[in-house]
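Q: Below are the structure tokens for one structure; questions will follow.
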Amino acid sequence: MADIIFYHNPMSRGQIIRWMLEEVGAPYDTEILDYASTMKGEDYRAINPMQKVPAIVHNGRVVTECAAICAYLADVFPEAGLGPREEEKADYYRWLFFAAGPLEQAVTNNFAGFTAKDEQQRMFGYGNYDLAVNTLANHLAGRDFVCGARFNAADVYVGSAVLWGTQFGTLPKLDPFIAYGERLAEREAYRRGKGEDMQLIAEMQAAG
Numbered sequence: 001m002a003d004i005i006f007y008h009n010p011m012s013r014g015q016i017i018r019w020m021l022e023e024v025g026a027p028y029d030t031e032i033l034d035y036a037s038t039m040k041g042e043d044y045r046a047i048n049p050m051q052k053v054p055a056i057v058h059n060g061r062v063v064t065e066c067a068a069i070c071a072y073l074a075d076v077f078p079e080a081g082l083g084p085r086e087e088e089k090a091d092y093y094r095w096l097f098f099a100a101g102p103l104e105q106a107v108t109n110n111f112a113g114f115t116a117k118d119e120q121q122r123m124f125g126y127g128n129y130d131l132a133v134n135t136l137a138n139h140l141a142g143r144d145f146v147c148g149a150r151f152n153a154a155d156v157y158v159g160s161a162v163l164w165g166t167q168f169g170t171l172p173k174l175d176p177f178i179a180y181g182e183r184l185a186e187r188e189a190y191r192r193g194k195g196e197d198m199q200l201i202a203e204m205q206a207a208g
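Following this line, the structure appears as structure tokens:
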């Protein structure tokens, strides 16, 4: 049994963590959960009371929330080189938390059709959708990755948001997003993880 147990459903944000685990390269066991049954069961609720995937258990310790899992894995497997170097730490933490906070809120509220009135915007961490989206796009313009020339764990999380958003229309297909996504999609770990999850999805759909 591997030291990492990965609780997952391929039709979820778990694809982010699949990619991260493939980048890390440490062995892991995957437990596939069903939305209607095992994800709501007592065994899994003891791991994540939110009844959501993904989650990991590493040497008996539970970690949930995709950004936290990415940062945790980068930290506990330093040999993978996915944590920030000293000069990268400001951008690493800034944009990892920006994507998990303001950008996530802006995208989900926009998808739900909620637009804050001008007088309400100061109550929201993102202000408005266009401001959040353009802030990230402007940061990515003219650079290869979140922290500059080197890929790290922040790119797994931020990149997943960009790749998913531009594919499904929750983010506009701005030039910086498209160029960034194309670079990320060339990574072997991304392709390997995506391939595994697409195969699982096909098997689940075939089984009904």
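In terms of UniProt numbering, the sequence shown opens at residue 1 and continues consecutively. Note that the Cβ used here is the ideal one computed from N, Cα and C, for glycine as well.
Answer with buried or exposed for A36, where buried requires no fewer than 16 other C-beta atoms within 10 angstroms of its C-beta.
A: So A36 counts as exposed.
Q: Can the beta-carbon of I56 be found less than 7 Å from the beta-carbon of I4?
A: Contact: yes.
Q: Return the bridge partner residues of A132 from the DSSP annotation.
A: The partner list for A132 (beta bridge, DSSP) is empty, contrary to what the question assumes.
Q: Between G208 and F151, what straight-line distance do the alpha-carbon atoms span, to the nearest angstrom?
A: Cα-Cα distance, rounded: 38 Å.
Q: Does the contact criterion of 3 or more C-beta pairs under 8 Å hold for the stretch 152 to 161 versus the stretch 116 to 132?
A: The answer is no - the stretch 116 to 132 does not touch the stretch 152 to 161, with fewer than three Cβ pairs under 8 Å.
Q: From H58 to R13, what distance separates their C-alpha atoms?
A: Taking the straight line joining both Cα atoms gives about 19 Å.
Q: Would you list, in sequence order, the uninterrupted beta strand (DSSP E) runs of no fewer than 3 residues that lie entirely inside the UniProt domain "GST N-terminal" (1 to 81)?
A: Segments of the beta strand (DSSP E) lying fully in the UniProt domain "GST N-terminal" (1 to 81): 4 to 8, 28 to 32, 55 to 58 and 61 to 64.
Q: Between G41 and A141, what straight-line distance do the alpha-carbon atoms span, to the nearest angstrom?
A: Each residue's Cα considered, the two are about 44 Å apart.
Q: Work out the CA separation of A189 and W19 for me, nearest whole Å.
A: The straight-line gap from Cα to Cα measures roughly 6 Å.
Q: If contacts are defined as beta-carbon pairs under 8 Å, then E23 and A67 qualify, I think. What distance do you get, rounded to the angstrom?
A: Actually they are not in contact, since the Cβ atoms of E23 and A67 sit about 15 Å apart, beyond 8 Å.
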